[in-house]
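Protein chains: 4
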Amino acid sequence: MNFEHSPKAQDYMARLTAFMNEHVYPVEHDYYDYLDSCENRWATVPMMEELKAKAREQGLWNLAFPGSHGAGLTNLEYAPLAEIMGRVMWAPEIFNCNAPDTGNMEVFMMYGTEAQQEQWLTPLLNGDIRSAYAMTEPNVASSDATNIETSIVRDGDEYVINGRKWFITGAMNERTQIFIVMGKSDPDNPNRHLQQTQILVPKGTPGLTVERALKTFNYDDAPIGHAEIVFDNVRVPAANLLLGEGRGFEIAQGRLGPGRLHHCMRLIGCAQRSMELACHRAETRSTFGKKLSEHQSVREDIANCFCEIEQVRLLTLKTADQLDKVGNKEARDLIAAAKISTPLTVQRVIDRAMQIHGAGGLCQDFFMAEAFNYARWCRQADGSDQVHMMALGKQLIKRYAS
Amino acid sequence: MNFEHSPKAQDYMARLTAFMNEHVYPVEHDYYDYLDSCENRWATVPMMEELKAKAREQGLWNLAFPGSHGAGLTNLEYAPLAEIMGRVMWAPEIFNCNAPDTGNMEVFMMYGTEAQQEQWLTPLLNGDIRSAYAMTEPNVASSDATNIETSIVRDGDEYVINGRKWFITGAMNERTQIFIVMGKSDPDNPNRHLQQTQILVPKGTPGLTVERALKTFNYDDAPIGHAEIVFDNVRVPAANLLLGEGRGFEIAQGRLGPGRLHHCMRLIGCAQRSMELACHRAETRSTFGKKLSEHQSVREDIANCFCEIEQVRLLTLKTADQLDKVGNKEARDLIAAAKISTPLTVQRVIDRAMQIHGAGGLCQDFFMAEAFNYARWCRQADGSDQVHMMALGKQLIKRYAS
Amino acid sequence: MNFEHSPKAQDYMARLTAFMNEHVYPVEHDYYDYLDSCENRWATVPMMEELKAKAREQGLWNLAFPGSHGAGLTNLEYAPLAEIMGRVMWAPEIFNCNAPDTGNMEVFMMYGTEAQQEQWLTPLLNGDIRSAYAMTEPNVASSDATNIETSIVRDGDEYVINGRKWFITGAMNERTQIFIVMGKSDPDNPNRHLQQTQILVPKGTPGLTVERALKTFNYDDAPIGHAEIVFDNVRVPAANLLLGEGRGFEIAQGRLGPGRLHHCMRLIGCAQRSMELACHRAETRSTFGKKLSEHQSVREDIANCFCEIEQVRLLTLKTADQLDKVGNKEARDLIAAAKISTPLTVQRVIDRAMQIHGAGGLCQDFFMAEAFNYARWCRQADGSDQVHMMALGKQLIKRYAS
Amino acid sequence: MNFEHSPKAQDYMARLTAFMNEHVYPVEHDYYDYLDSCENRWATVPMMEELKAKAREQGLWNLAFPGSHGAGLTNLEYAPLAEIMGRVMWAPEIFNCNAPDTGNMEVFMMYGTEAQQEQWLTPLLNGDIRSAYAMTEPNVASSDATNIETSIVRDGDEYVINGRKWFITGAMNERTQIFIVMGKSDPDNPNRHLQQTQILVPKGTPGLTVERALKTFNYDDAPIGHAEIVFDNVRVPAANLLLGEGRGFEIAQGRLGPGRLHHCMRLIGCAQRSMELACHRAETRSTFGKKLSEHQSVREDIANCFCEIEQVRLLTLKTADQLDKVGNKEARDLIAAAKISTPLTVQRVIDRAMQIHGAGGLCQDFFMAEAFNYARWCRQADGSDQVHMMALGKQLIKRYAS
């Protein structure tokens, strides 16, 4: 057992931190100012393209993939990097490491045909286009995949798709070119994990309508965004099928392990930065004759932040290591544990840090309120806390009951 | 001891509920749609003026004042009404019962000269103009009034005001005509509660600039809004003084008791409605083969919501009763207790209700996210949780230590 | 609505407080010292008999019954008295107000025949004997009454009882003369609430064995105690039946409403006293150059204790009032809420108060650790937290889902 | 980074687990039965001596010391072993790994003269005698070492000790032969960390009286016990001085790092076993028509236990690794974090596990209530939660404020 990052990881950490210090923090607010004053919130922000070019130049590009498609880092090595990126809400895209594109690229890597990879994976890896993953539906509790109602029906050489999806991240963005759609091709299959199929729907396919932008706590996450979209007799060629009919659930399982963990890693960055900001604030404000930092309750709040951050960080690191070593399925208890623990912990840490900031802590001058929104949102994304606790609890009882 | 509302209160409750059912809930979302598409988010919403007229016609107007200026209800009788109004974020203004105007009207009632009352109180009572209360400053922890840096200096027949304020609710609104400003006229007075003065600054006075709108969790609370404003050598006549030089702290104390409690009452309405929505949701969604409402954890969540809401409601009602009977100062322990307990409890209740709603629970289709923002914000407004715990804890130790 | 106790209640509060101050607090530790050094921990403590005599003399006797059997106080009037008694763990018996005897006396009042009342109720009201209520079983989750396995079978003019019970409060005490036993007479009845029967078993009946004393957190609650007992072909005359065959569940329901609330009332006394002790301690200890009472975190802890105590107190009072006005069944939501909220809140309050006391806070020099044990225990007694949340949640969802 | 235990640690884990399975769990309750029926609760339990002999035979002896005095395991390697021992409350002594003896042995190793080592360390390492560490005082908040009032005054060739101590673990035990006493030799030294001195007082020295056994939650921890003791003009030779006058604080600091961590390790074993017991219970009990394990809330409770245990375990392991690599002082932030987080987390985990067990969960049939007492107690032992949060928060603010 050993708690030091590999030399390779440490090298990337140093270079990434330097990049953030030099290029990102100084323009953090400019990015929001641009969005507030631009004509189209869903268009590419020029600053982003410049930063992407710089990052790519410096080899800080596609860091999330263990294999040959990127930097070749393990999940364990990627974890501290995702944490560093997570310290600015819009930073991960600079390094082509943002959700849902990383997860979608993995889908193409693992399950795409060569033709599908050439058409969609290559431009995604280059950061030239963006993608969306259409799973959640407004009318059913979609964390239970057997509830999904969108239909994918074979009709000659084509598939016909009908359904309504929401919270489809990236769907608002004008550069998003491809939708990976989860639906049911065989709703009556007695094995409820063979009913689902995933298929590719390019932007602009007739019948595909992006209806509206959804906001969480009033954040629209522009220019990426979360959309409600409708598939009304959308027709795509059979070649757009991913992996095979009835294998949609299998793809979803394969995709979500690392994705869930990436959110945890970035959230830890949010929490760590919030704590650091709170320390700074505590030292520079005074009430009732002494600095905030001299109030015992403020010290306790900060100490608790540290304890909780360190704990979810270690849990996430161990989980990443297991993901590397035994894979998605064997590591599922730890993935669930990280998924259950991290967003809730981070929400609590940020809440404390906001409180130490006074009224200002909730406003746009700090990144905390948006980070809080991210943490709160992650308690629903990729399966709610409750769904993961159900699965984990069931598994543990089975293990220890005998 | 008796836990039933007075017949008068019950009559108002019934009429107010009927008004909400008939006139407010059906257009709840139209209001936001109007704001999203209108040209000026800070202008009056036409729907609001129509609803105000209807409410006034029905005698549902100025319900918050115990005395002769409104319905003559006690704080205890007003509490369930504020709760009902609180169920829709923008509803209180319909009944001329919104912050900060109710508090400001109370300032005029208690401390205004006849001329001041005629000029500002009358149109406020009529709902013709809006007002702002300028206390919080960006550069200091303003919950400690002795930190305030804005200066109010006598110069002949005028006072000259210099300073910067933020989170000035109402300041963005185009109908806001008058600012009550807290500053220091005697910063070196050894009695640190005699340093402050409050003074009236009409909109449009040279040197008064509204710089920007502040958002909390990205909500701008249009068309009321929270602004950052600057006073740069603002000059007003000496007649604009409120009560007297050095009596600003006294005014602040008198104003904040009922104001804090009104927030609690409305927040309880937010929590109650969130719980009701969660009950509805739990019965209409299914996961893993059964309705959400059949999962034991959902039942526990709902049960806990009920327990917690009922407790802060009772605490708020008892506090209102004490406010009526022994006044602001004598009731200060209970006011602090309600102020400490209610926003945090309501935040927790809404968090649970959002979680039961799945991803949708955070979006604009439901009122919960905005209500959460309101609850979270109230943990800072009118003194942070910590400031009130400090005062209450000190007081209790003094009482029981001997 | 009105938050003042009735003059009658206030009079009893004053007299009871005076009695506690004069006769109970001064000998609080003597009682434990006697038990620690006596030969038989399950025998009557002489001091108790003297105090009972004094209390009876002063009319502080049988205060828990609304009707003609005692002081004729409502549940609402009794609440503050039970709180006062709750401040010393062994005090309720002084006033003949201790569990399980009060609940058992109510069973006799409501469901006993005249003969049963004469034989058992009269000496119980006089404090001459003690009683036990045998419901919980070691082998099944007894909070679900349909799980109960003890059998009560008619055999001619007798009933034959077989089964094992545990946590039978009072069963260890040498003066306990009568056991009210819950069992199943009709285990196959399709209506699962008509399977149960309650019957009287006098001490000394052949086949009834008290096997051992159970401890919670190592407290044996001597001389009352909680026992594991066995019924091995115990035979009692048919006249010992309570109310009728198949009506055992009905009796249990009728008995538990006020009983659960009495625990809440006493627990509030535990919490209130703990907070007061913590205030005293905070003012008399110093660390790191200042009094504990000057640490902001201590003030926050005390403030939170006050807020939480006041809330469960108000909830308990409202519930008592509903119990008086609409009865057990109609008040069941509030009874559940009080039962869910109070023990957990009190446990938390005492935990804080213990922490403020340092190491000593957990030891026998203070009453807090034993009071903590009582609060923790009440989260299981008379139905676990979870059972009550299940029922309350279900009920609320039904109410609000439509 | 790597999360696997060393082969050496894994070997010890396997052997220790086998020992526990074969020799300890089967007689877990016999130990308590012996104590309940023996004449002298403070005498050696014969079973213990037999188990010690067996453990020593198998090389499972003195595992806690990194150096040459025992198995030569690092703190990181010892952590999982202490966890395994922690699963039975009285097991650590079997392996000569119990508090306070391990800590006291370390004091002798680090600071003892050769003569002191020969006289006291050798028999301690052999498990022939026991020792006590006398620091905490009843009259002052002793977590602030500058508060200590016991005096150690040089008088010729002797030191004279006067003072009162309590919660002196081991002092009740009849085999305890030596007391390490912390007092003040130079109370007026302006450097408040040079006022303290530690000195050795053998049992039986005139003037040393063991006054009484202290209980926490009514547990007396026999036969080890916690005592209140008095030093009344106790005289010991100057050679009994440890390290030097004025170096008592230094010794305390050196002793407490590993000691605090050992408590954390054992507590994690308590929590892990409690969770396992809860899983077993959940599968074997039914309420309302289904097994406890099928209730979603029970699954959530179990899942949360796992998440929380895994987090404090990882935190404790990382801290142990830091202790090994950079030492006590450099690792102080992590030691504080582990000390703050573990007892509170373990208390919460056990509380949940007890609740899943129903009424029985609090009684002597399970080890949980006693383990809860241990966790609760550790929130005070070796510095309260608050003291450690103060130090950690202060340190963090200093680090991040700039």
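Top to bottom, those sequences are chains A, H, Z and C. Residue numbering for the first sequence follows the UniProt record's numbering, beginning at 1 and increasing consecutively. Residue numbering for the second sequence follows the UniProt record's numbering, beginning at 1 and increasing consecutively. Residue numbering for the third sequence follows the UniProt record's numbering, beginning at 1 and increasing consecutively. Residue numbering for the fourth sequence follows the UniProt record's numbering, beginning at 1 and increasing consecutively. The beta carbon of each residue, even a glycine, is placed where N, CA and C say it ideally should be.
Can you give me the C-alpha to C-alpha distance between residue i and residue j, rounded to a whole angstrom?
| i | j | result |
| --- | --- | --- |
| H:Phe367 | H:Val88 | 8 Å |
| A:Glu137 | H:Phe288 | 16 Å |
| Z:Glu276 | C:Thr216 | 21 Å |
| A:Val45 | A:Val27 | 12 Å |
| H:Gln119 | H:Ala55 | 24 Å |
| Z:Gln272 | A:Ala18 | 55 Å |
| H:Ala71 | H:Ile268 | 22 Å |
| C:Lys339 | C:Asp385 | 7 Å |
| C:Leu73 | C:Asp324 | 10 Å |
| H:Met389 | C:Ala359 | 36 Å |
| A:Asp365 | A:Glu22 | 20 Å |
| A:Val24 | A:Gln58 | 14 Å |
| H:Pro100 | H:Thr169 | 7 Å |
| C:Pro66 | A:Trp61 | 44 Å |
| H:Arg352 | H:Asp301 | 7 Å |
| H:His357 | H:Ala82 | 26 Å |
| H:Thr209 | A:Ala53 | 41 Å |
| H:His69 | C:Arg299 | 57 Å |
| A:Leu125 | A:Asn96 | 7 Å |
Below 8 Å on the Cβ atoms is my guess for residue i versus residue j; work out the distance and round it to an integer in Å.
| i | j | result |
| --- | --- | --- |
| A:Phe306 | C:Ala401 | Actually they are not in contact, since the Cβ atoms of A:Phe306 and C:Ala401 sit about 14 Å apart, beyond 8 Å. |
| C:Tyr133 | C:Asn162 | Not really, about 18 Å apart at Cβ, beyond 8 Å. |
| C:Arg255 | C:Val160 | Rounded, the Cβ-Cβ distance is 24 Å, inconsistent with contact. |
| H:Cys378 | H:His263 | 5 Å |
| A:Thr146 | A:Gln195 | 7 Å |
| H:Arg247 | H:Thr176 | Between H:Thr176 and H:Arg247 the Cβ distance is about 24 Å, and since that is not below 8 Å, they are no contact. |
| C:Gly86 | C:Met265 | 7 Å |
| H:Val153 | H:Phe179 | That pair is no contact at about 17 Å. |
| C:Val387 | C:Ser142 | C:Val387 to C:Ser142, Cβ: 10 Å. No contact. |
| C:Asn157 | C:Pro237 | In the sequence as displayed, the identity of residue 157 of chain C is Asp instead of Asn. Confirmed, about 6 Å. |
Who are the Cβ neighbours of residue i in its own chain at under 7 Å, not counting the five residues just before and after it?
| i | result |
| --- | --- |
| residue 404 of chain Z | Only positions 1 to 402 of chain Z appear in this structure, which leaves residue 404 of chain Z out of reach. |
| C:Leu261 | Asn75, Thr316, Thr319, Ala320, Leu323, Ile335 and Ala338 |
Skipping 5 residues on each side, what residues in its chain have a beta carbon closer than 6 Å to that of residue i?
| i | result |
| --- | --- |
| C:Gln355 | none |
| C:Asn240 | Ile199 and Leu200 |
| H:Asn189 | Gln195 |
Please list, in chain order, all residues of the same chain as residue i whose beta carbon is under 8 Å from its beta carbon, the five residues on each side excluded.
| i | result |
| --- | --- |
| H:Ile350 | Cys270, Ala271, Ser274, Met368, Ala371, Phe372 and Ala375 |
- Check whether the segment 298 to 317 of chain Z touches the segment 304 to 322 of chain H, taking contact to mean three or more Cβ pairs, one atom from each stretch, closer than 8 Å. With the cut-off at 8 Å, the segment 298 to 317 of chain Z and the segment 304 to 322 of chain H touch.
- Query: What residue ranges within the segment 121 to 168 of chain Z form continuous beta strand (DSSP E) runs of no fewer than 3 residues, ordered along the chain?
  - Reply: Listed in chain order, they are 130 to 134 and 151 to 155.
- Touching or not, the segment 284 to 298 of chain Z and the segment 327 to 344 of chain Z, by the rule of three or more beta carbon pairs under 8 Å? Per the Cβ contact rule, the segment 284 to 298 of chain Z is not in contact with the segment 327 to 344 of chain Z (fewer than 3 Cβ pairs under 8 Å).
- Message: Threshold first: 4 residues or longer. Then list the alpha helix (DSSP H) segments lying entirely within the segment 215 to 301 of chain C, N to C.
- Response: Every alpha helix (DSSP H) stretch that sits fully inside the segment 215 to 301 of chain C and reaches 4 residues is listed by chain position as 248 to 284.
- Message: If we require 4 or more residues per run, which alpha helix (DSSP H) segments fall completely within the segment 309 to 383 of chain A?
- Response: List check, alpha helix (DSSP H) in window: 332 to 356 and 368 to 378.
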